[in-house]
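Inspection log for the structure reproduced underneath, given as structure tokens.
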Amino acid sequence: MATPTMDKLEALEADNGSHLITVTFRIRRFNPEVSADAVWEDFQLDIDPKERVLDALHKIKWELDGSLTFRRSCAHGICGSDAMRINGRNRLACKTLIKDISPEKPITVEAIKGLTVLKDLVVDMDPFFQAYRDVMPFLVTTGNEPTRERLQSAEDRERFDDTTKCILCAACTSSCPVFWNDGQYFGPAAIVNAHRFIFDSRDEAGEQRLEILNDKDGVWRCRTTFNCTDACPRGIEVTKAIQEVKRALITRRY
Amino acid sequence: MSADTTPAKTPGVGPVEGVAVYDVDHPAPFIEAPRKRTSKTPRSTRGNFEMAAWLFMRLSGVVLVVLVLGHLLIQLVLDGGVSKIGFAFVAGRWASPFWQGWDLLMLWLAMLHGANGLRTVINDYAERPNTRLWLKGLLYTATVFTILLGTLVIFTFDPNIR
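Residue numbers (the numbering used here), protein chains in the order written: chain A, -17 to 236; chain B, 111 to 272.
Here it is as structure tokens:
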């Protein structure tokens, strides 16, 4: 017995089925409790090309292999938990549509580089956040607390608007070849967050932050390869921010 | 499962299921966080040297474009090209303090510019402190030797040498 509703549902299901494509996900697996070596493992999925890579990872974890480990929190490009290296480029899994990354070929997914892999796609973010803490990413002022909010002109706000967008996903820092080779380099993310306060008219510790970044492992190690600008899922002009910090250092010294 | 080893052999790794290796009386070993500031951390390496080196690369680069392109033009293109170069040609040029100054400036800037570039390459690519030390030692020795020898030749050049 087929009611019109059923027909519609069946038609929808048949229609849905034709939308699905078969995609191979080649995921870099690492489990220190099983083996000291990381290996590539293939998963085949029937998935809608308009879904995101994160949806595919969920499908693998929930339906194929529950041991697959990755970080994600908000799943909407705000929390910055799920930065990973997809098809050789650092991206957020929750902002990358499968149709955009040539799904006819196997899609490689691996942990971001330059940080210690703990398991599968999860890395140790401690060095990254230590560099972030080192640049004092908070408002520093002197004198009495004002009774109202600290006012700022629209132009003054515009000056550092770009670098306020950072979500600390580490896509930029883990795409930087200098950081890959020497983890002591502050990395683009820390410099971006220093830039956010150095050029804030309300902040009074700009000089201190510049002095921190004048370090041997500070801004002068930047080789302007633009990997960070390419990697940033928020579209921050990271290399430009680093260059502005360099320029501020030079113009304030000479 | 073959990965199941006894707790005594791998104290850092407990079985995922089963008896816990650590409890209140046997706490897990403390693992120090990377990049943490401890007494063993090297002292701050701030100072204006890296900034000066960075600025020198930009400024010397601009000057070298003029000096080197001018040098190549005079030596290889103008007035019959490369075939004119000989002892007499060099002697004639170095008779003038202007060309002496040009060559001296080019020698110093090019050598320091190149050495500084190689220093950053070594810093970026040599991972062990000892490798860095030896490579940079070799680099600085070669640089100082070449600069001093070149300067000596420019100032003590004798066109009547036999």
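Built from N, CA and C at the ideal position, the CB exists for glycine as well.
These figures come from a predicted structure and were not determined experimentally.
- Secondary structure within the stretch 169 to 227 of chain B: the alpha helix (DSSP H) runs of 4 or more consecutive residues, fully enclosed, are 197 to 204 (chain order).
- Closer than 7 Å to the CB of Met161 of chain B there is at least one CB belonging to chain A.
- Under DSSP, Ile9 of chain A forms a beta bridge with A:Glu23 and A:Val91.
- Non-local beta-carbon contacts of Gly171 of chain B in its own chain, meaning distances under 7 Å to residues more than five positions away in sequence, involve His223 in chain order.
- Any Cβ of chain A closer than 7 Å to the Cβ of Trp244 of chain B would place that residue at the interface, and such an atom is absent.
- By the Cβ-count criterion, Ser157 of chain A is buried, with 16 or more other Cβ atoms from all chains shown falling within 10 Å of its own Cβ.
- Counting along the chain, Val160 of chain A sits inside the alpha helix (DSSP H) bounded by residues Pro159 to Asn163.
- Between Leu74 of chain A and Cys154 of chain A, the beta carbon gap of about 12 Å keeps them out of contact (Cβ cut-off 8 Å).
- For Lys41 of chain A, there is no enclosing beta strand (DSSP E); the residue is found in the alpha helix (DSSP H) stretching over Val35 to Lys41.
- Residue pairing from DSSP places Leu74 of chain A in a beta bridge opposite A:Ala65.
- Annotated three-state conformation of Lys147 of chain A is helix, per DSSP.
- Within chain B, the C-beta atoms nearer than 8 Å to that of Leu231 of chain A come from Met161, in chain order.
- Judged by beta-carbon spacing, Pro85 of chain A lies beyond the 7 Å limit of Val201 of chain A, meaning their Cβ atoms are not closer than that value.
- Only exposed fits Asp106 of chain A, as fewer than 16 other CB atoms lie within 10 angstroms of its CB.
- Its chain contains His223, Asn226 and Gly227 as the residues whose beta carbon lies nearer than 8 Å to that of Met167 of chain B, once the 5 sequence neighbours on both sides are disregarded; these appear in chain order.
- The CB of Trp202 of chain A comes closer than 7 Å to the CB of Glu160, Met161 and Trp164 in chain B, given here in chain order.
- Asn270 of chain B is classed as exposed because its beta carbon has fewer than 16 other beta carbons within 10 Å across all chains shown.
- One finds Asn163 in chain A with Cβ atoms closer than 9 Å to the Cβ of Tyr235 of chain B, taken in chain order.
- Between the alpha carbons of Trp22 of chain A and Arg216 of chain A lies a distance of about 29 Å.
- Val227 of chain A sits buried, since 16 or more C-beta atoms from the chains shown fall within 10 Å of its C-beta.
- Under the 10 Å beta carbon count, Gly62 of chain A is surrounded by 16 or more other beta carbons and is classified as buried.
- Chain order gives the chain B residues near Arg235 of chain A as Asn158 and Met161, where near means a beta carbon separation below 8 Å.
- Secondary structure at Val174 of chain A: helix, using DSSP grouped into helix, strand and coil.
- The C-alpha of Trp218 of chain B lies about 26 Å from the C-alpha of Thr233 of chain A.
- Your pair Leu177 of chain B and Trp212 of chain B checks out as a contact, with CB atoms roughly 7 Å apart and the cut at 8 Å.
- A direct Cα-to-Cα measurement between Phe199 of chain B and Leu186 of chain B gives close to 12 Å.
- Residue range Val99 to Lys101 is occupied by the beta strand (DSSP E) that includes Leu100 of chain A.
- Between the stretch 80 to 97 of chain A and the stretch 54 to 71 of chain A there are three or more C-beta pairs closer than 8 Å, enough to call the two in contact.
- For a Cβ distance threshold of 7 Å, nothing in chain B lies close to Val174 of chain A: the least Cβ distance comes to about 18 Å.
- For Tyr132 of chain B, there is no enclosing alpha helix (DSSP H), as DSSP gives it neither H nor E.
- Counting only Cβ-Cβ distances below 7 Å, Val160 of chain A has contacts in chain B at Asp234, in chain order.
- Taken in chain order, the members of the stretch 173 to 199 of chain A whose beta-carbon sits within less than 8 Å of a beta-carbon on chain B are Glu193, Ile194, Asn196, Asp197, Lys198 and Asp199.
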